Structures are given as structure tokens and as C-alpha cells.
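J.: The structure follows.
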């Protein structure tokens, strides 16, 4: 009898950062220069901006119209005063205060109000102009200013002209000779008072508008926030429920929208009331599901337990009957088939019983588990079972020890190796590694077989999931091996991941490295 080929052990320092699973599980970095999507505006912000914006436009339009109307009224008053001043200018005695008196002399001799402007043309065609400033002093106008005034005046009525040199705008009217109907000068009044009045009105309006908009924004925000409070309560309740694990185990949804925010007499309150009704139905459905699961789990556990005795009897009687030398060849083959099928059925029953007890939180006996030794032993067993595969081990210099159920952890590694042995062709290289990465102990089983069908990967760890179509399997299986692996790993508060492409399939078991003493 040929002795089995010794296991090829490759002892190396395990680097967590070099493992493919670590690289694949690393979070992807954002692409440099990629624009992050802009956060959408909330309903409250949109409502506030809409209300404040519409009111702002209305107030601005009202201010513009009010200023325009007031400006026209004030300009009308100025035009009325200009009409009387023009008449007075025509009634001045000829040559007053002397022959061909200038505009400066006329204003100097009179008592005109500040802002009064006078431009005259004498009989020789000389043009003079003067204005009474804010201090009631008379100042002569330059030739450019006089020309600007005369170019702007019209016999049709008053007009506005910018005199320049910090004098600002003036409302001017032409002085027409009654006999020749010629324009002999111009009389004007400053619009500074009108503009100052309008500016004061606009300033007051702007301040009142700003204050009113701030008050409107605060009042609108308070009103909307108070009105949307039931909707926020609905969202908060839904968020809390969404964070609860509802896929398995005993689940109870106690979260509800407060009664104050679930008044069905209001539109938003109806949403809260509807959500409470929905949560009540979901909670009742989850309770019914949990009762059915517990009932089914008890049934499977009880049935599995009860089936062990008759199966043991069948196996015992078949073994006893095979000892009878008088059996025919046909009877002996039949008994051998009965024995083989009873063994297979016993294995399935034991697996179902184990899953049922793991679901109930039983079957784990914690102690100090040496994963390095456990992996070496499991690979040695796999080497004997499948000498046509190539087996390798990668372990660190120091043993990896954790607190766990050694027997069940051995079953995890054995099932993973059996899965690789069964579903890969002869000559496949299977590598098993164990290492400590941070606070976790990690076991990896990798092979270079044909890989797992992507359509099967999503349900690979489900019970009775079979990989017949994805790998070349030589023997049958119950489809419970990987589901048992996941149940044992999760019972140890660990995780199991799988990635597979043609030529590279890897299972990674990550267990928390708890204290070696289970009592700690």
C-alpha cells in the first residue's frame, strides 16, 4: 500500500495588505476632479425662497412705481414754479439794473431762493448766466454751462438738463420775447430737493423692505417648519425602522410616529397615520414569520433527532446482515447500497440538526483554538482524500489562536476544502492560509479551478444550494456544506466572503480574535 504524499507546507510571513481579498475589499477612492452631485434643496428652503422672492419683487415694483409717481408730482410742482418765474423774468424792466445787465447782476440785485438759475442774451447777443448756490450766494456760469442750458431749453415747455460742475440736474424753461417770440434766455430750478426727497423715500422703503423681508423669512420659516414637523417625524421614524435588521431572527418594530404628528385630519398627518398602520401590519407579519420559523426550526430539529435512531438501526442491521456468508451476490450488493444510503441520509440529518441548533444559538463550546494547527490537520485530511490535487499551506511563524469552538471551526475548514476538492478537476492547486490581520484571524482557501458560475454566487451559501452547473463535480452533495460554514462563522461573530473568476476562486473567513480565555 502506497503511503500518501506528504502535504507541501509553505511557511511565510503573511502580509494583510498583500492579500487579494484585502485589496478587493478596500474602499474605492473618488476619481480626482470628479464633481460631487449638488445636494438638493429641501422643501422648506424652496418654500421660504419662493415666498420671500415673490414678496421682494412685489415690494420692489411698488417702490419703483411710488418713486416714479412722486417724482412726476414733484417735477410738476417745479414746472409750475418755473412758469411763474419765467413770467417774472419777462416783466423785468429793460436794462435793469443798467443797460444790458448780465444774469449775475440781476440775481445779485434780487433776493432769489437757492437753486435758482438764470441765463440771458442781451441785445448784442452776449450770453450770461448765474446761479444761486446753497449759501444763497450768486455764482456765474461758464460758457460751457450756458451753452449746455441753452441747447437743452425748448419753447415747448420745461426740460431737465445736467448743468455740470457739481451743480447737478436743473429743470429749465425758456424765456421767450413776447414781441419777437425769440428765446432770450432760460430760467431754472435745481432738482436737488426733488432727488433728495426721492432718495429718502427709496432709502426708507429699502430699509423697511429689508426689515419686512427678514421678519417675513423668519415667520415663514417658523410656520413651514411647524407645518412640516409631522413629515419630519414620519421621516425620522422610517429612518429608525430602516436601520433595524429585519431579515432574520426575532424582530419587533416598536417605532411609531407620535400621535401628535399622525392626525389624519391634516394632509401630512394622514401620511404619519398611514405609516403607523403600515408598521403595525409589518410588525404583525414579522411576528407571524418568526413564529413560523421557530415552528419549522423545532420541527427540523425534532425530526432530525427522531430520524437518527431508525437510521442507526438501518445501518446496524445492514452491517449485521452483510456478515452472513450465505447471502447471494445480488442481496449483498443491495445491502451495501442500503448501508451507503443510510450513511448518506445520516449525514444529511446530522447537518440539518446542526443548522437548527446553530439557529437557536446552541452547539458552540468555546475554548482556546489553534487555527494554525487546525488548518494543517484539515489540509492533511484533504490530501489523503484527494491525492490528485495539489495542496499548499501558508502560515506565519507564530500560531494563530483565538477563543472558539475547535470542533466547529475544524468543520468550517474541512467543508471549504471538501468544496474545493469536490468541485474542481484533478491537478487543481488549492492553497490554504491562516494569519492574524489587526484584530481579526483570517483563513483563506484559494484554488485555480474553473470558478463558480456568477448566477450561482449570490445564493452560494443558501441551504441546499448546489453548484452542479458551475464546476465539474465527481460526487454528489447535500448542498448544506457552505450553509453550515456560514452558520458556524456567524455564530462566532465572524464573516465569510467569496470571490470567484475563472482560474481564481477564494473563500475568506474572518473571525474576531477574542481573548484566549473564554471567561475573559
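Residue numbers (my numbering): 1 to 520.
All residues carry an ideal CB built from backbone N, CA and C; glycine is no exception.
Note that the structure is predicted; figures quoted are calculated from it, not measured.
Can you give the Cα-Cα distance for residue 260 and residue 253, rounded to whole angstroms?
T.: If you take the alpha carbons of residue 260 and residue 253, they lie about 19 Å apart.
J.: What residue from 159, 443, 403, 298 has the CA that sits closest to residue 356's CA?
T.: For the residues 159, 443, 403, 298, the minimum Cα distance to residue 356 belongs to 298.
J.: Among 308, 71, 333, which residue has its Cα nearest to the Cα of residue 318?
T.: Cα-wise, what sits closest to residue 318 is 333.
J.: Would you be able to state if there are at least three C-beta pairs under 8 Å between the segment 379-393 and the segment 423-433?
T.: The segment 423-433 vs the segment 379-393: in contact.
J.: Report the residue from 153, 112, 119, 142 whose alpha carbon sits nearest the alpha carbon of residue 133.
T.: The residue with the shortest Cα to Cα distance from residue 133 is 112.
J.: Run through the segment 218-291 for me and flag every whole beta strand (DSSP E) of 3 or more residues, listed as ranges in chain order.
T.: If we require 3 residues or more, the segment 218-291 turns out to have no beta strand (DSSP E) run fully inside it.
J.: Would you kindly check if the distance between the Cβ of residue 320 and the Cβ of residue 349 is under 7 Å?
T.: No; because the gap between Cβ atoms is not below 7 Å, this pair is not in contact.
J.: Exposed or buried, what is residue 496 when buried is set at 16 or more other beta-carbons lying within 10 Å of its beta-carbon?
T.: The residue in question, residue 496, is buried, as its Cβ has 16 or more Cβ neighbours within 10 Å.
J.: Count the other CB atoms, across all protein chains shown, that sit within 10 Å of the CB of residue 383; report buried if there are 16 or more and exposed otherwise.
T.: Answer is buried; the Cβ neighbour count reaches 16.
J.: Is residue 420 closer than 7 Å to residue 448 when the C-beta atoms are compared?
T.: Contact flag unset, no.
J.: Mind checking residue 230: buried by the 16 CB within 10 Å criterion, or exposed?
T.: Buried: at least 16 other Cβ atoms inside 10 Å.
J.: Return the CA-CA distance between residue 136 and residue 189, expressed in angstroms with no decimal places.
T.: About 13 Å.
J.: Just how far apart, CA to CA, sit residue 540 and residue 241?
T.: It is not possible to answer for residue 540, since the shown part of the chain is limited to 1 through 520.
J.: Given this structure, state the Cα-to-Cα distance separating residue 373 from residue 417, to the nearest angstrom.
T.: Whole-angstrom Cα-Cα distance: 15 Å.
J.: Count the other C-beta atoms from every protein chain shown that fall within 10 angstroms of the C-beta of residue 493, then say buried if there are 16 or more, exposed otherwise.
T.: By the 10 Å Cβ count, residue 493 comes out exposed.
J.: I need the straight-line Cα distance from residue 286 to residue 251, nearest angstrom please.
T.: In a straight line, the C-alpha of residue 286 is about 7 Å away from that of residue 251.
J.: In terms of DSSP beta bridges, what is residue 368 paired with?
T.: Paired residues: 403.
J.: By Cβ distance below 6 Å, which residues in the same chain neighbour residue 162 in space, the five residues on each side in sequence not counted?
T.: Closer than 6 Å at the Cβ level, and outside the excluded window around residue 162, lie 169.
J.: Would you please state the rounded distance, in angstroms, between the beta carbons of residue 187 and residue 107? I believe it to be under 8 Å.
T.: 11 Å between Cβ atoms; not a contact.
J.: Assign residue 486 to one of two classes, buried (16 or more other C-beta atoms within 10 Å of its C-beta) or exposed (fewer than that).
T.: Buried.
J.: Can you check which of these residues, 130, 364, 184, 195, is closest to residue 154 by C-alpha distance?
T.: Here the closest residue by C-alpha is 184.
J.: Grouping DSSP H, G and I as helix and E and B as strand, with all else coil, what is residue 105?
T.: In this structure, residue 105 counts as helix in the three-state DSSP scheme.
J.: Have a look at 209, 139, 101, 482 and flag the residue whose alpha-carbon is nearest the alpha-carbon of residue 122.
T.: Of 209, 139, 101, 482, the residue nearest in Cα terms is 101.
J.: Can you tell me whether residue 244 is buried or exposed, with buried defined as 16 or more other CB within 10 angstroms of its CB?
T.: Flag for residue 244 reads exposed.
J.: Three-state secondary structure (DSSP) at residue 164?
T.: Here residue 164 sits in coil by DSSP.
J.: Find out if the Cβ-Cβ distance for the pair residue 257, residue 282 is shorter than 7 Å.
T.: No, these two residues do not count as a Cβ contact at 7 Å.
J.: Under 7 Å, do residue 48 and residue 221 count as touching if we go by C-beta distance?
T.: Yes, these two residues count as a Cβ contact at 7 Å.
J.: Can you give me the start and stop residues for the beta strand (DSSP E) that residue 529 sits inside?
T.: Residue 529 is absent from the model: the chain starts at 1 and stops at 520.
J.: At which residues does the alpha helix (DSSP H) containing residue 150 begin and terminate?
T.: 143-152 is the span of the alpha helix (DSSP H), which, as asked, contains residue 150.
J.: Flag residue 67 as yes if its beta-carbon sits less than 7 Å from any beta-carbon of chain C, otherwise no.
T.: Included in the structure is just one protein chain, with no chain C present.
J.: Relative to the alpha-carbon of residue 225, which residue among 411, 408, 44, 455 has its alpha-carbon at the smallest distance?
T.: Of the listed residues, the one whose Cα sits closest to residue 225 is 44.
J.: Can you give me the Cβ contacts of residue 530 inside the same chain, cut-off strictly under 6 Å, excluding the 5 residues immediately before and after it?
T.: Residue coverage of the chain in this structure runs from 1 to 520, which leaves residue 530 outside it and unanswerable.
J.: Would residue 364 and residue 491 be called neighbours here (beta carbons separated by less than 7 Å)?
T.: Against a cut-off of 7 Å, the Cβ pair of residue 491 and residue 364 comes out as a contact.
J.: Here's the rule I'm using: 16 or more other beta-carbon atoms within 10 Å means buried, otherwise exposed. How should residue 343 be labelled?
T.: With fewer than 16 Cβ atoms within 10 Å of its Cβ, residue 343 is classed as exposed.
J.: Are the CB atoms of residue 500 and residue 452 within a distance shorter than 7 Å?
T.: Yes, these two residues count as a Cβ contact at 7 Å.
J.: Please return the same chain residues whose Cβ sits closer than 8 Å to the Cβ of residue 538, not counting the five positions on each side in sequence.
T.: This structure leaves residue 538 out entirely; the chain is present only between 1 and 520.
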